[in-house]
Amino acid sequence: MTVARTRMPRGLFADDALPLYERTAGQLLDDLRATAARTGDRLPSERALATRYAVSRVTLRAALADLESRGIVRPSSTRGWFVADLDQFPDPAMASTSAAPQVQGLADFARVNGLTPSSRVLSAAVRPATVSEAEDLRIAPGADLFELHRLRFLDDLLVVLEHNRLPLAACPALAETDFNSASLYATLREADPPQLPRVADYSVEARHPTPREIELFGIADTMPMLVATQLTFNQAGRPIELTVQVYRGDRYRFRASITNRP
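The sequence shown runs 1 to 262 under full-length UniProt numbering.
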């Protein structure tokens, strides 16, 4: 059985609720359609596109990578970017970048729902990956791993204790970023090359809180905790994040649609 993914209708959320690279991808796609671009047409240079959409080259590359993952544009190592296939979305209403599957982070969820996210970093360090972590993330045992422990808040209310592990090679900027204020997924999207969280394996289980969790959450030892384990993959299908999230049982609900894949 698999969890079904439901596409949100275009226009349900304001455009400015989307990450900048997604808005840029949408503008570029609209321009390709407006100019009747055809398969094989060459796009303007990255510098020209970044100037046109008033974004950085890093954001522009994330937008192009988003469109590439959907088969709309393709890169050439020496000649730039080309139109690949605009006909796969015959209905312009489906041309929104929200058509591309993506994993939503807590900051993304907060922005869409009008909440204010904040974090308190408990620890952040680079260390060698264990054999088990290396197997999950498809990296060499002992390779540099960025490890982050944070408390995550919505409107100043503690929601989750989060433990993130990511291959440092995927985004070296992780080690220099202050995640008391920065968004982890925004940092990945701005990497060079961009790391776009596309799909995740996700599991949830209930257990008793640990002494440390009782202290951090300010709860009794009878409060159940829901523990979510997530392995996230980028647009190329490579694992980029292994995360364990611990929620109070009375502040988290997981919903999914279950279907039997033929």
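Glycine included, every Cβ here is placed at the ideal spot set by N, Cα and C.
Would you check whether the ligand ATP has a heavy atom nearer than 6 Å to the C-beta of residue i?
i: residue 130; result: Inclusion of the ligand ATP in the displayed structure is not the case, the ligand content being empty and no account of it being possible.
Helix, strand or coil: how does DSSP classify residue i here?
i: residue 159; result: strand
i: residue 21; result: helix
i: residue 106; result: helix
i: residue 154; result: strand
i: residue 253; result: coil
i: residue 10; result: Low per-residue confidence applies at residue 10: pLDDT is 42, beneath 50, and the placement is therefore not dependable, though the value from the model is reported in the following sentence. Coil at residue 10, not helix or strand.
Would residue i and residue j qualify as a contact pair, given that the criterion is a beta-carbon distance under 7 Å?
i: residue 85; j: residue 71; result: yes
i: residue 244; j: residue 229; result: yes
i: residue 314; j: residue 42; result: Not covered by the structure: residue 314. The range shown for the chain is 1 to 262.
i: residue 189; j: residue 53; result: no
i: residue 155; j: residue 116; result: yes
i: residue 121; j: residue 150; result: yes
i: residue 103; j: residue 187; result: no
i: residue 276; j: residue 126; result: Nothing can be reported for residue 276, as the shown portion of the chain is limited to 1 through 262.
i: residue 194; j: residue 50; result: no
i: residue 58; j: residue 192; result: yes
i: residue 204; j: residue 254; result: yes
Residue i to residue j, Cα distance in whole Å?
i: residue 145; j: residue 207; result: 27 Å
i: residue 165; j: residue 141; result: 14 Å
i: residue 213; j: residue 148; result: 16 Å
i: residue 242; j: residue 80; result: 33 Å
i: residue 258; j: residue 130; result: 34 Å
i: residue 237; j: residue 249; result: 32 Å
i: residue 176; j: residue 234; result: 21 Å
i: residue 61; j: residue 197; result: 15 Å
i: residue 92; j: residue 135; result: With a pLDDT of only 43 at residue 92, under the threshold of 50, the placement of this residue in the model should not be trusted, and no figure is reported.
i: residue 45; j: residue 124; result: 38 Å
i: residue 159; j: residue 38; result: 48 Å
i: residue 28; j: residue 40; result: 16 Å
i: residue 139; j: residue 172; result: 15 Å
In terms of DSSP beta bridges, what is residue i paired with?
i: residue 247; result: 160, 226
i: residue 123; result: 149
i: residue 118; result: 153
i: residue 128; result: 144
Using a beta-carbon distance below 7 Å, is residue i in contact with chain D?
i: residue 63; result: The question asks about chain D, but that chain is absent: this structure has only one protein chain.
What are the uninterrupted segments assigned as alpha helix (DSSP H) that are 4 or more residues long and contained completely in the stretch 27-98, given in chain order?
Complete alpha helix (DSSP H) runs here, min 4: 46-53, 57-69.
Can you list, in chain order, the stretches of the beta strand (DSSP E) that have 3 or more residues and sit fully within the stretch 157-242?
You should have 157-167, 199-207, 225-233.
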